[in-house]
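Novice: As you go down the protein sequences, you meet chains A, B and C in turn. Each residue of the first sequence is one higher than the one before, counting from 86 in the numbering used here. Each residue of the second sequence is one higher than the one before, counting from 17 in the numbering used here. Each residue of the third sequence is one higher than the one before, counting from 22 in the numbering used here. No residue lacks a Cβ here, since even glycine has one placed at the ideal position from N, Cα and C. Bear in mind that the values here come from a model prediction, so they are computed numbers and not experimental data.
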Amino acid sequence: MTALPQSSSAHGAMPHPASAGGAAAPTLLVAHGLVRRYAMRRGMLGRAVALRAVDGVSLTVERGRTLGLVGESGCGKSTTGRLVLGLEPPDAGGVTFDGQPMPPLGSAAWRRLRARMQMVFQDPLGALDRRLPVGAQIAEPLAIHRIGAAAERGARVAELLRVVGLRPDHAARYPHELSGGQRQRAVLARALATEPALLVCDEPISALDVSIQAQVMNLLTELQDRFGMGMLFVSHDLRAVRQVSHRVAVMYLGRIVEEGEPDAVFREPAHPYAQALVSALPHPGALRQRIVLQGDPPNPAARPSGCAFRPRCPVAVALCAREAPALQRRPDNRMVACHLAHGEAALRKAA
Amino acid sequence: MSDAVLARAAGAASRPPVPLFVRAAAAWVLAMLAVALLADVVAPYAYTTLDLRNRLAPPAGFGGVWAHPLGTDELGRDVASRLIMSIRMSLLIAFGATIIAASLGTALGFLAAHFRGWVEQIVLALVDFQASLPFLILALAVLAFFGNSLPLFIGLLGLHGWERYARIARGLAISAGAQGYAAAVRQLGASPWRVYGRHVLPNIASTLIVSMTLAFPEIILLESGLSFLGLGVQPPDTSLGNMVGYGREYLTRAPWILLAPAATIVLTTLSVSVLGDWLRDRLDPTLR
Amino acid sequence: MLRFLAIRAFRALLTIVLVVTFAFVVLRLSGDPALLIMSVDAPPEAVEAFRRAWGLDEPLWVQYAKYFNAILHGDLGRSMRDGRDAILLVAERIPATLALTLPALAIKLGIGIPAGIYAALHRNSLADRVVMLAAVAGFTVPSFVLGLVLVLVFAVQLGWLPSGGQESWRHAILPVVTLGLGGAAVLARFTRSAMLEVLGQPYIRTACAKGVPWAAVVRNHALPNAAIPTVTIVGFMVGSLIAGAVVVESVFSWPGVGRLLVVAVANRDLAVVQSILLLVAGTMVAANFCVDLLYGALDPRLRGARAS
């Protein structure tokens with residue numbers, strides 16, 4: 086039985102494009118200024134209104150490290166995940182993977198690139214073909230990308246199953262014959278089949294029972310340690326993101342409003358929205374003041390002027406309505422998009 | 017132990033027995049298929065054989081001879097033999113047309129789902145066009161312009177109902193492609209051929225088959241209607257509708273000439289419909 | 022709402038254009054239109070004049086434009102049989118067809134819809150089973166078989182009614198009944214399933230749970246919602262007022278548009294076929310457009326915002 090190579094750099098069996106200096110650069114993926122618009126119609130005689138699901142998002146994912154992307158439903162984090170993989174074309178901005186720009190969606194180059202970047206979906210049952218046994222589906226990426234001879238694939242599938250914590254006899258089962266946690270493991274096995282350098286997980290545990298969630302989270306961290314994959318972990322579950330990420334970014338209404346080390350961000354959030362999110366987490370011990378946001382939930386089709394969070398922000402000032410804050414680095418290495426978080430200096434400068 | 021195992025046990029217990037009339041329908045359909053396949057062997061006479069001494073003989077038991085169990089027509093041709101050949105012809109046409117319609121419709125549905133944009137608009141416009149004319153009129157117009165050979169006739173009938181398959185294929189392909197397994201496989205790097213051929217098509221096959229079973233009787237009715245009008249299957253070939261058409265002139269004197277094929281049309285259409293409804297209820301209740 | 026109607030109107034026009042194009046393409050594909058439209062023994066000068074008038078030696082798109090123009094002016098060629106304008110020939114048959122299809126429509130609506138509603142409201146009762154049986158019979162028994170059987174029973178065996186032709190009003194009874202019963206069966210089945218689907222919805226249960234009397238629930242909630250899909254099929258039936266009797270007219274030798282069409286097809290009298298095709302398409306499109314209008318009025322979901 087061939088063992089999967091343990092690689093600390095995420096090359097595995099795939100040849101990588103030559104990068105300057107020979108050694109692999111730590112930055113795996115760079116997204117800059119991503120914008121994604123959808124057209125919507127307002128009212129009966131509606132004029133078309135552009136809805137910006139993603140409005141200028143820039144982020145980087147490093148090899149072997151996880152970037153957590155957190156926010157409420159509709160903030161654009163899933164769309165960001167899809168843009169990063171090239172599953173949707175951005176209306177502005179671009180994505181660079183391993184130094185190369187993302188090929189256009191559907192092209193042969195794009196398809197080949199799939200072997201190096203994979204997605205784990207929220208709904209494992211929907212992501213699997215109910216008519217085929219999971220073993221065949223796990224082997225499918227190998228067949229698509231013509232990895233290994235057909236005879237060896239069975240052994241490879243068994244190895245992958247073992248790695249994700251399933252038994253080899255699970256290969257003959259159909260998706261509906263597995264439990265939710267087992268299905269998600271099977272989906273993971275399939276995603277890992279080509280030893281991708283990047284894994285984008287879009288709410289991978291939301292559909293699972295709470296007791297299974299912890300197991301799958303542990304599995305993800307284990308797999309990352311073993312294969313050195315870069316990971317983009319998208320979720321609305323703050324605790325899961327905290328557990329698994331090396332860096333976390335908070336999104337609101339299509340923009341990143343705060344970014345930093347998870348423990349730091351959760352202990353002392355800088356952006357008022359992040360503060361409200363964190364305060365909503367049940368915290369054993371000292372009773373923290375719960376921040377309840379006033380105002381209507383955000384409507385991406387009706388973006389407020391200036392800072393998008395302004396209508397609900399408990400500490401908004403006049404400047405916030407005039408000028409949208411940019412995501413800037415603070416001295417303590419935190420990135421925040423808020424006038425007030427950067428202190429009096431920013432306020433005075435802008436006044 | 018997964019909940020799926022429990023579900024399987026429950027499912028096996030609650031599966032209802034096949035109703036009697038469904039079994040009867042299945043038996044009739046099998047009989048018709050057997051007749052169609054074995055026509056040359058089963059028919060007592062060649063369907064053009066004349067027996068002029070026994071012209072217009074009624075069926076056996078109503079005053080006729082046993083040599084011609086269903087009677088004879090105005091030229092002394094055995095009704096039973098002609099009926100058997102007609103069954104073969106009508107079933108052949110119906111199968112051919114159904115398969116053509118299903119293939120055409122599914123292909124167009126996939127194209128619309130895959131490319132979206134203007135390709136989809138064209139397909140939808142074609143669907144509108146098809147729905148804007150009663151098919152009979154369309155068929156008659158084409159027959160008028162192009163005349164009437166058998167392959168053309170089958171091809172023409174193959175245009176009936178393609179829009180149903182197109183709608184199904186398009187709808188299911190889109191939903192599979194947006195959030196489902198097709199999106200996942202495409203995201204693995206599969207080419208569109210692989211996505212549609214190995215994943216979408218097997219998954220929608222049962223829905224398509226049910227649709228085909230429901231459309232099959234409509235084609236039989238169409239074909240027999242057109243043949244009845246003298247515009248479908250032309251002599252010397254004979255089909256069920258054909259026989260009714262020719263038997264009409266002898267309605268008063270020899271009604272059995274048209275009653276036998278008429279009854280066959282009704283029973284066959286009924287049986288296939290019953291089977292189709294039952295299949296649909298079993299396999300895919302979401303289909304209307 | 023306006024936008025919705027504008028789209029529908031545009032699609033209706035587009036469909037008509039498609040039908041005209043279809044007729045043009047089919048006409049050109051099937052041979053020399055001049056010889057086909059004019060009768061075989063037309064004098065060569067007439068054929069030449071026709072060619073020039075239709076620009077048959079000019080580029081294809083010019084021909085198409087002229088063809089379109091001719092149609093807009095009602096010039097669809099002359100019938101091969103008696104040389105009269107095809108469109109006139111068709112027009113004078115319309116009343117005869119309507120004499121059958123209009124009463125038949127009344128039967129379909131008057132019997133079919135109430136039967137379907139009743140069957141849905143009394144599901145699995147004897148009445149429901151009878152209606153379903155009748156519906157299945159209506160679907161599986163082709164109109165010509167039904168017609169011939171009726172003739173056999175009522176005209177031949179019982180001698181009560183005449184079997185063909187158009188001499189008196191009694192001649193219309195059997196054809197109308199044949200048409201009406203078949204359509205009533207289809208409509209009953211459809212109405213029943215539409216009602217059943219609506220009755221199974223949660224909002225019906227909620228209305229009952231609120232204490233609304235059943236009759237009011239049916240009247241105010243079930244019927245209007247079931248009307249929406251039913252309207253589509255009724256629209257189709259209205260659209261087939263002219264074309265729906267092709268087979269029945271042949272069975273009963275009734276001199277209407279349908280009979281004319283069959284004869285024209287057999288004789289390859291293309292001008293007549295073309296005229297009927299366009300007439301039928303126009304009627305259908307108009308009927309469907311009215312259905313769309315009704316939809317817009319009946320279904321509030323269509324009046325509101327739609328995401329593209």
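What ranges does the beta strand (DSSP E) occupy inside the segment 100-126 of chain C, keeping only unbroken runs of at least 3 residues that lie completely in it?
Specialist: Correct list: empty.
Novice: Any chance you could list the beta strand (DSSP E) runs of at least 3 consecutive residues sitting entirely within the segment 33-68 of chain B, in chain order?
Specialist: Fully enclosed beta strand (DSSP E) runs of 3 or longer: not present.
Novice: Using a cut-off of 8 Å between C-beta atoms, extract the partners of C/Thr118 located in chain B.
Specialist: Here the premise fails: no neighbours, minimum Cβ distance about 13 Å.
Novice: Chain C beta carbons: is any one of them nearer than 8 Å to that of B/Val58?
Specialist: No, no contact with chain C.
Novice: Cα separation between A/Arg82 and A/Pro253?
Specialist: Nothing can be reported for residue 82 of chain A: it is not among the residues displayed for chain A, which extend from 86 to 436.
Novice: Considering B/Leu295, what are the terminal residues of the alpha helix (DSSP H) in which it resides?
Specialist: Trp272 to Leu299 is the span of the alpha helix (DSSP H), which, as asked, contains B/Leu295.
Novice: In the segment 156-170 of chain C, which residues sit with their C-beta less than 9 Å from some C-beta in chain B, listed in chain order?
Specialist: If the cut-off is 9 Å between Cβ atoms, the segment 156-170 of chain C has Val157, Ala158, Phe160, Thr161, Val162, Pro163, Ser164, Phe165, Val166, Leu169 and Val170 near chain B.
Novice: Mapping DSSP to helix, strand and coil, what is A/Ala177?
Specialist: Looking at A/Ala177 - three-state DSSP - the assignment turns out to be strand.
Novice: Where DSSP assigns a beta bridge to A/Leu154, which residues make up the other side?
Specialist: Its beta-bridge partners are A/Val319 and A/Ala334.
Novice: Taking Cβ positions only, does B/Phe131 come closer than 8 Å to chain C?
Specialist: Judged by the 8 Å Cβ criterion, B/Phe131 is not in contact with chain C.
Novice: Residue ranges of each alpha helix (DSSP H) run of no fewer than 4 residues wholly in the segment 160-233 of chain C, ordered along the chain?
Specialist: Runs found: 164-171, 191-220 and 223-230.
Novice: Determine, using beta carbons only, whether A/Arg196 and B/Gly205 come nearer to each other than 8 Å.
Specialist: Yes.
Novice: So, are the CB atoms of A/Ala401 and A/Pro410 less than 8 Å apart?
Specialist: Cβ distance not < 8 Å, so A/Ala401 and A/Pro410 don't count as in contact.
Novice: Checking contacts by CB at 8 Å: is B/Val201 closer than that to chain A?
Specialist: Closer than 8 Å: yes.
Novice: Taking the alpha helix (DSSP H) that A/Met204 belongs to, which residues open and close that run?
Specialist: Premise fails: A/Met204 lies in the beta strand (DSSP E), Met202 to Val205, not in any alpha helix (DSSP H).
Novice: Three or more C-beta pairs under 8 Å: does that hold for the segment 216-224 of chain A against the segment 146-160 of chain A?
Specialist: Touching, no.
Novice: Note down, in chain order, each residue of its chain lying with its Cβ closer than 6 Å to the Cβ of C/Ile343, except the 5 sequence neighbours on either side.
Specialist: Since the displayed chain C opens at 22 and closes at 329, residue 343 of chain C lies outside it and no answer follows.
Novice: Measure from the C-beta of B/Phe244 to each C-beta in chain C and report whether the shortest distance is under 8 Å.
Specialist: Chain C, which has a Cβ nearer than 8 Å to the Cβ of B/Phe244, makes this yes.
Novice: How far does the beta strand (DSSP E) with A/Gly345 in it reach, from first residue to last?
Specialist: Note, A/Gly345: beta strand (DSSP E), Arg340 to Gly345.
Novice: Here's the rule I'm using: 16 or more other beta-carbon atoms within 10 Å means buried, otherwise exposed. How should A/His424 be labelled?
Specialist: It counts as buried.
Novice: A/Phe206 CB to nearest chain B CB: under 8 Å?
Specialist: Answer yes: the Cβ-Cβ gap between A/Phe206 and chain B drops below 8 Å somewhere.
Novice: May I have the straight-line CA-CA distance separating A/Phe351 from B/Ala182, to the nearest angstrom?
Specialist: Distance between the alpha carbons of A/Phe351 and B/Ala182 is about 52 Å.
Novice: Who are the neighbours of B/His215 on chain A, taking C-beta pairs under 9 Å?
Specialist: By Cβ distance, chain A contributes Asp214, Arg216 and Leu217.
Novice: Residues of chain C with CB under 8 Å from B/Val158, in chain order?
Specialist: The answer, in chain order, is Val47.
Novice: Name the DSSP beta bridge partners of A/Leu283, please?
Specialist: Answer is A/Met202 and A/Gly315.
Novice: Does any C-beta atom of chain C lie closer than 8 Å to the C-beta of B/Asp67?
Specialist: For B/Asp67, the answer is no, since every Cβ of chain C falls outside 8 Å of its Cβ.
Novice: Since C/Val283 meets chain B, which of its residues come closer than 9 Å, beta carbon to beta carbon?
Specialist: Per Cβ cutoff of 9 Å: Leu156, Leu245, Gly246 and Leu247.
Novice: If we count the other Cβ atoms within 10 Å of its Cβ and call it buried at 16 or more, is A/Arg167 buried or exposed?
Specialist: Classification of A/Arg167: buried, given that the 10 Å Cβ count is 16 or more.
Novice: By the DSSP assignment, the alpha helix (DSSP H) with B/Leu91 in it spans what residues?
Specialist: B/Leu91 -> no alpha helix (DSSP H), and no H or E assigned at all.
Novice: Could you spell out where the alpha helix (DSSP H) holding A/Ser390 opens and where it closes?
Specialist: Per DSSP, A/Ser390 belongs to no alpha helix (DSSP H) and is neither H nor E.
Novice: Thinking just about the alpha-carbon of each residue, which of B/Leu99, B/Val51, B/Arg69 and B/Glu90 is nearest to the one in B/Thr254?
Specialist: If we check each option's Cα against that of B/Thr254, B/Leu99 comes out closest.
Novice: Do the CB positions of C/Gly159 and C/Thr199 come within less than 8 Å of each other?
Specialist: No, the Cβ-Cβ distance between C/Gly159 and C/Thr199 is not below 8 Å.
Novice: Give me the Cβ distance between B/Gln203 and A/Leu154, rounded to the nearest whole Å; I'm assuming they're in contact under 8 Å.
Specialist: The pair is not a contact, with the Cβ atoms about 18 Å apart (cut-off 8 Å).
Novice: Taking B/Ser227 as the reference, which of B/Ile184, B/Ala96, B/Ala189 and B/Arg132 has the closest Cα?
Specialist: Answer by Cα proximity: B/Ile184.
Novice: Let me confirm a value: C/Thr36 is counted as buried when at least 16 other C-beta atoms fall within 10 Å, else exposed. Which label applies?
Specialist: It is buried - the Cβ of C/Thr36 has at least 16 other Cβ atoms within 10 Å.
Novice: Against chain C, which members of the segment 265-281 of chain B pass a CB distance test of less than 7 Å?
Specialist: Answer set for the segment 265-281 of chain B: Leu267, Thr268, Pro271, Leu274, Ala278 and Ile281.
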